[in-house]
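170 is the number that this note's numbering gives the last residue of the sequence shown; the numbers go up by one with no jumps.
Virtual Cβ for every residue (Gly too), placed ideally from N, Cα, C.
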Amino acid sequence: MRLFIAIPMSGEMKDALGRMQRQMRDQRIAGRFTPPENLHLTLAFIGEYPNPDAVFLPRVKPFAIELDGFGSFGDLWWAGLKPCPPLRRYVLALRHALAYDNIPFDRKKFSPHITLLRGGVGVPALTVPRAEMVVDHVSLMRSDRGKRGMIYTELRASEPWDPAWDDG
Ligand code: ATP
Ligand code: MG
3 MRLFIAIPMS GEMKDALGRM QRQMRDQRIA GRFTPPENLH LTLAFIGEYP
53 NPDAVFLPRV KPFAIELDGF GSFGDLWWAG LKPCPPLRRY VLALRHALAY
103 DNIPFDRKKF SPHITLLRGG VGVPALTVPR AEMVVDHVSL MRSDRGKRGM
153 IYTELRASEP WDPAWDDG
């Protein structure tokens, strides 16, 4: 099966991302818009791998992420995040754990983005809404090609952090 590890978006983040998509539609930008239930931030792309139980998901010490900016990779348009050192540190730890366990993953540099539109035609001018969320877990996701676009299914989530581990 096709696997990846991601942060699912909160309702508030989905609303804000939906407003960005609304702006694009209002500007007559065409393409395949990510449906709300598919909005996510990919942390590691594993790809085809038969054994999801072997994938260790380090616990997340909760931190906040905040929307900031937007951009494109070719015709793919995304929303960006404010620089977030705890997110970077988590992704490093996650990828180290995958490598240690010999789970294959794409080692391209982590470039946090939330895909809003694929196959976009036109160049949008967007106002990024103010939105943030607390990240307290990550999810192991399975990706399947459905009749009408991709279907992502959460297979497992990381265990919760224990506040007793916090110093101070
Ligand atoms: P499609 O590939 O059909 O357009 P998709 O990209 O939504 O659909 P997947 O290719 O299964 O679905 O990807 C799942 C997630 O992993 C997406 O967030 C995607 O951007 C990301 N991803 C896919 N391939 C890679 C890769 N080689 N490296 C990093 N991230 C990837
Ligand atoms: Mg893809």
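beta-carbon residue i near the ligand ATP non-hydrogen atom, thresh 8 Å
| i | result |
| --- | --- |
| R97 | no |
| F47 | yes |
| A56 | no |
| F72 | no |
| F65 | no |
| R4 | yes |
| A8 | yes |
| S145 | yes |
Beta-carbon contacts of residue i that lie in its chain and below 6 Å, excluding the five residues immediately before and after
| i | result |
| --- | --- |
| R158 | L142 |
| R21 | P131 |
| M15 | A133, M135 |
Cβ neighbour criterion (16 or more within 10 Å) applied to residue i
| i | result |
| --- | --- |
| P114 | buried |
| F58 | exposed |
| F107 | buried |
| A166 | exposed |
Straight-line gap, residue i to residue j (C-alpha atoms, nearest Å)
| i | j | result |
| --- | --- | --- |
| A56 | V123 | 40 Å |
| L100 | L19 | 30 Å |
| L93 | A32 | The displayed chain sequence assigns Val, not Leu, to residue 93. V93 and A32: Cα-Cα distance of roughly 33 Å. |
| L96 | P64 | 15 Å |
| D17 | P54 | 31 Å |
| W163 | H42 | 21 Å |
| E156 | P52 | 16 Å |
Integer-rounded CB distance, given that residue j should sit under 8 Å from residue i
| i | j | result |
| --- | --- | --- |
| F6 | A46 | 7 Å |
| I9 | V140 | 6 Å |
| P126 | M26 | 5 Å |
Own chain residues within Cβ distance below 7 Å of residue i, not counting five before or after
| i | result |
| --- | --- |
| T117 | T36, L78, W80 |
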